[in-house]
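*Asks:* Below are the structure tokens for one structure; questions will follow.
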Amino acid sequence: MALVPEGDNSINAPISLVLDDGTGDNNIGIGGTAQFIFINRFTPAAGAYPITLNQVQVYFAAAGLVNVGDDMLLALYENTSGNTDPAVGSNLLTTIPVTVTTLDAWNVYDLAAPVTFNGPGDILIGVVALEIPGTSYWPAALDQTASQQRSWAGWWNEPTAPTPPTLPPTNWTLIDAYFAGNWMVRGYGEGTAVGCDSPADVPWLTVNPISGTVAAGGSTPLTVGFDSTGLALGSYDAVLCVESDDPDTPLVEVPVSLTVGEQAPTFLCNAPAEDFEGGVPPAGWSVQTAQPNGPQWTTIAASGETGNYTNGAGEAATASSDAFGTGEFDTSLVTPEFDLTGVGSAMLYYTANYQNFSGLDFLDVDISADGGATWTNLLSWNEDHGTFRAQPGEDVAIDLSAYAGQSGLMLRYRYYDPNTDDYDWYAQLDDVRLGCGPQIDVDPLSLSSTQSPDVTTTQALNISSVGGEDLLWELFEDSTATSPRMADWSDNFDSYATGSQMHGQGGWKGWFNDPVGGALTSGVQAVSAPNSVAILGASDLVHEYSGTNSGQWVYTAWQYIPTDFTGQSYFILLNSYDDAGSSLNWSAQVMFDGGANTVTNDGGVSGGSLPLVKGQWVELRLELDLDADTGAFYYNNQLLYTGTWSGQVSGGGAVNLAAVDLFANNASVIYYDDLSLVMAQTVCDAPSDIPWLSTSPISGTTAPATMTPVDVTFDSTGLAVGTYNANLCVVSNDPDPGPGNGTDLVVVPVQLVVEQAPPNIFVDPLSFSATQPQDTTSQQTLTISNTGGLTLDWTISEENLTAFPPIVIGQLVAAPASEDVGASQPASVSAPQSQPVVWAPRAILYDNGPMVTHPGGGSGGADASAVQTTLGNSSYGFNHSVSGAFRVADDFTVPAGGWMIESFTFFAYQTGSTTTSTMNAVNLRIWDGVPGAAGSNIVFGDTTTNRLASTAFTNVYRVLDTTLTDSTRPIMASVATVNTFLAEGTYWVDWQTGGTLTSGPWVVPVTILGQTAKPGSNGMQYSSSTAAWAPVTDSGAAAVQDLPFVIEGTTEAPPCSMLADIPWLALDSTAGATAGGASDDVTLTFDSTGLAVGTYTGNLCVFSNDPDAGPGNETELVIVPVELIVETGSAVTLSTLAAGSTALWSGLALLGVFGLGIVVWRRKQR
């Protein structure tokens, strides 16, 4: 069998002229100051002529600032010249005035007089945008997915198009010269059938595969796909042309047809919520308006808002008066008709965010029982609901039980302002649904706890009533998951030689029985020693099964993905497989993506994605119910997806499990072990107590639109290390048959993993002090215990807190207290400061100078920072913008003891900004000398990291001294995070600020009333044009300026942040690994050799893998202060020990050890 082309039109010969893919990616115009034309060039097959065009469709988007009612002109041309420039040789056939009828949707224009094209050649469909609003206007929607290079644009020198609009215009271009793409302009009509004489692509039709080889007596199934995306209602026909080497019938023509009809109702009782991900309005919904020139219900982006402020996610139906600007509005989002016959009760659920302006506007929910002729109000909002332009929004439930039993019902969300000159905030809706009768929703759908032995933990299981009646429910435990099961098949790869080829062993083989797809056993990783199987590169390892075509089954595999995994690898289960490839159908295709770090249900209709787990063994589990044709796939005990089995991936498959396929797809290695296929017991058919699991309450009645939390308790008391599984079974009066969420039986798998307790460090003692004479040593013991279970890995670092005192030569004397380490620190430096700005620094270390000259003298009572023109100053500020590649710098001095700097605050403005800060970036560097000077080094920071933490108005305006109330230059404070320690010394900070406006940003100088500059000013500025630093100089007074900034932080470094050897202390061990329940001793030797008399201090910093955050005992960092007090020695002489003794005792030096006198002596016998 050879290539399978498609006939370009059908036996009945409808013609579809389409270039776009149905998605609008951009909106194009020429600024709204003149009319312009956008044209698509279509070239049907020559044999399709004559062609009659019956309909034109044009997509208009609200984001292009198009309004309903805007005037447009359709222009239809024919060009038979063969020139690739459609203007050359074009012939205008007709023009048709139309108006925009809907936004963010296709506008369908049926031609009252169909237009005939005789061809062959090009059909040109153009649209002239007649509106000239004088402001931004982009009416031409553009698909930019894959340009066909057939979309043209043109405009004339005069504002209006000539009559008739002949081609070419004054300015004429393929739109790809600016934006590669296709205009969203289409044509539909009828032509002459050509079948397979002129094969061409049919955009709504796909075939897979398109070629192949069929063995004698065999067959190959082809998948034919139909895609109605973007198609108008109607019938579409085409031909599949099957060419082969059959000598009798080399060509077979297969007619195919697609009928696009009205979409089935989507607003039904207990149907999935309308989440507006498909656009606004959704299929079957409508937007109705009494003010077509005002804001309408549309998508978030098209409305001008920036996010979903409801409690939903993704898209939301939005109408924004604020983003639109002044304009009357009265817009309604209307549901399709829905039916409540046979329903005893019903609720309307949705989530919203609505911000009201001064009680002027309303968001109403109305219902109609007569097709929209009359409306009854159900809820009216005239006040704020939800957080302003942020989540959370507000969840809403409205009782519709009064309308139970009725049909032909409709709901509308009406956003309107009955006043004039409307200019209000916005309204948003999401997740709109109908709940009828009792309906359950359980969250989460699985529970898992990992804990140490003899620990009790509790998690919440939420049972919600999302229907229209009270939900009656009951919980019981099921031990099915923990009951022993006999494996119908299993393989742990341990019976094969390590490193052996699996193709041909144990029923394993390469795909299509090709040894190239084989894989080797490996001893690198294993769940059950010694082997696993390594899937990498060309591995495509298959194992077939038989007899699995009914009942419930569980397929389990354990998987290990290394931390350096790259590529995309697959775990596949097929419902049909044979080595010849004549019968293949996929039911599970799970992809492990090393680049995105995700696990996805690749190609599955149920979707599903989870984070990828690397560096540990993870369970893959498929719970398969072949009687119900459903499968639930779990990854690491988390539900990846649940849904149809036979139709999950390929579609139209068998209710059967035929084979597993471990497919590497040329990715790096993944290890699999302990695969099994077992016949499952029926879940939740045998309630039994699970001793390690309990719930409270175990039953209840939950009213509509409410939720009952259930405490689920995991108790590992007395349990051995291991994994325990069970199910919680939630039964209710939900009428839908289960199992599954939203049914009468919801099964919640629960898992308890009992593992050894983490390491827990206990250090004793928590401080040391040694007092001894000079030139001596003493020892003490530090004990590090592990009161946890897993091995404790620890290291000890030293932090020397005192300066090393000089060694005194000659007679020793006591050192004065002021020379001891830890002497009092000098006070923080602080320059005079003006009135406080709006930000609140936590702890000011330094202020480089004021900028306020007139407190309260500025606009609205704010402060003013005046350029003192009376003194000759003339510079408002100095450029330090990211965009202009300027930087500025100034110096500061850190006193003895050093500073722990948390942040810098800088001050700048952008001319013309409001008091809402426009600053969006700050980068900085700290130098140990003048920036750029020889010998200066950068000790912190860079020019690329954005360290901006917050920014706000300072309540200060930069002004002239002659116009103090000028408000065009509000000064902003920008706080940049640093978090670094600087020792004593003089430093320079250079910085650069970015903003969203084109002006600046400009840094203001330190400004002191009556002075042209702060005394001693030495600020600097860097210009990329000169690539050099130069003094910041006022252009009028020619005075060098200083620059204001504030440093925040503390005068001390945090403990264990300045690690350095303690020269008078030695440890016999600085690292170790301590088993659970054990301890290790570390000997500390205090050595006063060569030390002057005085007190020496430091810290031992004990770091470990204790999971608790420190510092503190039993945390990851235990700080043990150590102290050595060096004293002078003394002499002792002992006389005879007893009366009448004849011995002479001669005393030597007294050593002071821990305050005890020890005498070294000898006796001389006379």
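Numbered according to the working numbering, the sequence shown terminates at residue 1146, and the numbering increases by one at each position without gaps.
All C-beta atoms in this analysis are idealised placements derived from N, C-alpha and C, irrespective of residue type, glycine included.
1) What's the gap between the Cα of F40 and the Cα of Y117?
2) Quick check on DSSP: helix, strand or coil for A783?
3) DSSP on P495, reduced to helix/strand/coil?
4) In this structure, what does DSSP give as the bridge partners for V422?
5) For T13, which residues of its own chain have a beta-carbon under 8 Å away from its beta-carbon, when the five flanking residues on both sides are left out?
6) Can you name the start and end residues of the alpha helix (DSSP H) that A1154 belongs to?
7) For V593, list the residues DSSP reports as bridge partners.
8) How would you write the range of the alpha helix (DSSP H) that A303 sits in, first residue to last?
9) Expressed to the nearest angstrom, what Euclidean distance is found between the alpha-carbon atoms of F884 and E285?
10) Is it buried or exposed, M52, if we count other Cβ atoms within 10 angstroms and call 16 or more buried?
11) If you run the structure through DSSP and keep just helix, strand and coil, what is I155?
12) From the DSSP secondary-structure annotation, give me the bridge partner or partners of T298.
13) What is the DSSP secondary structure of G841, counted as helix, strand or coil?
14) Just to confirm before moving on: does the CB-CB distance between S861 and S1015 stay below 7 Å?
15) In chain order, what residues of the same chain have a beta carbon less than 8 Å from the beta carbon of D941, not counting five sequence neighbours either side?
16) Y383 by DSSP, collapsed to three states: which one?
17) Tell me where the beta strand (DSSP E) around Q335 begins and ends.
18) Taking only runs that begin and end inside the segment 479 to 566, name each unbroken alpha helix (DSSP H) of 4 or more residues, in chain order.
19) Can you say whether V701 is buried or exposed, counting buried as having 16 or more other CB atoms within 10 angstroms of its CB?
20) Could you give the C-beta distance for D375 and T331, rounded to a whole number, given that I count them as a contact under 8 Å?
21) Locate the beta strand (DSSP E) running through L185, then write down its first and last residues.
22) So the beta strand (DSSP E) F247 belongs to, where does it begin and stop?
23) Just to confirm the assignment, what range does the beta strand (DSSP E) spanning E454 have?
24) Taking the C-alpha atoms as reference points, what is the distance between P1035 and N1079?
25) If you drop the 5 nearest sequence neighbours on each side, which residues of the same chain put their C-beta closer than 7 Å to that of W672?
26) Taking the alpha carbon of D319 as the point to measure from, which residue in A384, S360, F304 has its own alpha carbon closest?
27) Going by DSSP, what residues sit across from Y889 in a beta bridge?
28) First and last residue of the beta strand (DSSP E) that includes A1051?
29) DSSP puts H834 in a beta bridge; with which residues?
30) To which residues of the same chain is A1058 closer than 7 Å at the C-beta, ignoring the five residues directly before and after it?
31) Identify the continuous beta strand (DSSP E) that holds C709 and give its terminal residues.
32) Roughly how many angstroms separate the alpha carbons of Q972 and T924, rounded to a whole number?
33) Applying the 10 Å Cβ sphere with the 16-neighbour rule, what's the burial state of E603?
34) Do you know how far the Cα of A407 is from the Cα of V(-2)?
35) Excluding sequence positions up to five away, which residues of its chain have a Cβ less than 8 Å from the Cβ of N511?
36) Taking contact to mean 3 or more Cβ pairs, one atom from each stretch, closer than 8 Å, check whether the segment 24 to 43 and the segment 143 to 161 are in contact.
*Replies:* Put simply:
1) 12 Å
2) With a pLDDT of 38 at A783, under the threshold of 50, the modelled position of that residue is not reliable, and the figure given next carries that caveat. Of the three classes helix, strand and coil, the one that applies to A783 here is coil, per DSSP.
3) helix
4) I443
5) I112, G114, P139
6) No answer is possible for residue 1154: it lies beyond the span of the chain, which begins at -19 and ends at 1146.
7) Bridge partners of V593: none, in fact.
8) 301 to 304
9) 33 Å
10) buried
11) helix
12) T278, Q408
13) helix
14) no
15) T833, A846, V847, Q848, T849, T850
16) helix
17) 326 to 335
18) none
19) exposed
20) 5 Å
21) 185 to 188
22) From DSSP, F247 is part of no beta strand (DSSP E); its letter is neither H nor E.
23) 451 to 458
24) 8 Å
25) F694, D695, S696, L699, Y704, L732
26) A384
27) W982
28) 1051 to 1054
29) A844
30) N766
31) 702 to 712
32) 10 Å
33) buried
34) 36 Å
35) N472, F473, D474, Y476, T478, T501, S502, G503, D653
36) no
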